[in-house]
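To start, the structure itself, in structure tokens.
In UniProt numbering, the protein residues as written are 1 to 333.
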């Protein structure tokens, strides 16, 4: 009878029942084969058993146990693979599935587990999309408040200080100039924070200019030269893809400036074999073996557009972040 047969009611046989039947069948075949060999072989057993016949019995028992163990191990091997996959599965690293090796008793279990991973990854992607959309909305709100309220207030203070300086006594002008410079520096910092929170250059001038400006800011503020290689004839990209590319490049360059202890960095955006590939690397200390909040955030963003993010960080050899976007996910429709 086929192990993948269905009940009379149309429902597939439960995996536990199918596995039980397979084990019974394997044991039955082994013992039947052992009985057949003893029946047709010249070996005989006396009653009572004489010592000369004990080795024959032991050899026969060992052969049956060995054959039984080999068949059972082969039959249950998918369970070991399933356990290993359960231990390493990470919903931020998509596509990790257990292949069906033709063991019909466990096919239903393997298919069910793979379908569960598909469903969990889809749910994780949807929830991440909502969370990141809310995050982007909050960033834009804060950026507007920084620019429109705090920025304008500091501008008014700066203009007022200029009038005060013009009418102040000479012995006070030096101190007032110092206050002016402090307010001006604070205004510049507020504008930089607002620009990082809401990449207006991405909306106004496009991805190429936004990445160039981002690399320039890191070079200027962090003192790390950033070599840029951005393909000029990129295909038309969707707004969500452009935002993911910008945010992942921003997070990667920020990590380099803060933690890498690097003397140079590289940023490239090119097409390879029809896929869009973003790479950010440095020559710093490396050794990032565990995903922090920043890297996990990048993985969540990559998941939104069906891209694959890899982080290679051998100790002492720098860190390289690579984002590969399939051709069917990167272009606008």
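Using N, Cα and C, we set each Cβ at its ideal position, and we do this for glycine too.
Exposed or buried, which one is residue 319 when buried takes at least 16 other CB atoms within 10 Å?
buried
Bounding residues of the beta strand (DSSP E) (the contiguous stretch that carries residue 281):
275 to 282
Between which two residues does the beta strand (DSSP E) carrying residue 320 extend?
320 to 325
Helix, strand or coil: which one does DSSP assign to residue 316?
In the three-state reduction of the DSSP assignment, residue 316 falls in the coil class.
Quick check: residue 210 and residue 201, are their CB atoms within less than 8 Å of each other?
yes
Straight-line gap, residue 232 to residue 270 (C-alpha atoms, nearest Å)
9 Å
Touch check for the stretch 120 to 134 and the stretch 150 to 169: three-plus C-beta pairs under 8 Å?
no
Name the residue from 236, 220 and 272 whose alpha carbon lies nearest to the alpha carbon of residue 254.
Checking every option, the nearest Cα to that of residue 254 belongs to 220.
Using a Cβ-Cβ distance cut-off of 8 Å, determine whether residue 190 contacts chain C.
In the displayed structure, chain C is absent; only one protein chain is listed.
For residue 230, which of helix, strand or coil comes out of DSSP?
DSSP places residue 230 in the strand class (E or B) of the three-state scheme.
Whole angstroms is fine: what's the gap from residue 322's alpha carbon to residue 96's?
18 Å
Tell me the rounded alpha-carbon separation between residue 199 and residue 152.
19 Å
Report, in whole angstroms, the separation of the C-beta atoms of residue 266 and residue 286, which I expect to be a contact under 8 Å.
The C-beta distance from residue 266 to residue 286 rounds to 14 Å, too long to meet the 8 Å contact threshold.
Fully enclosed by the stretch 142 to 186, which alpha helix (DSSP H) runs are 4 residues long or longer?
151 to 167
Cβ-Cβ distance between residue 276 and residue 325 below 8 Å:
yes
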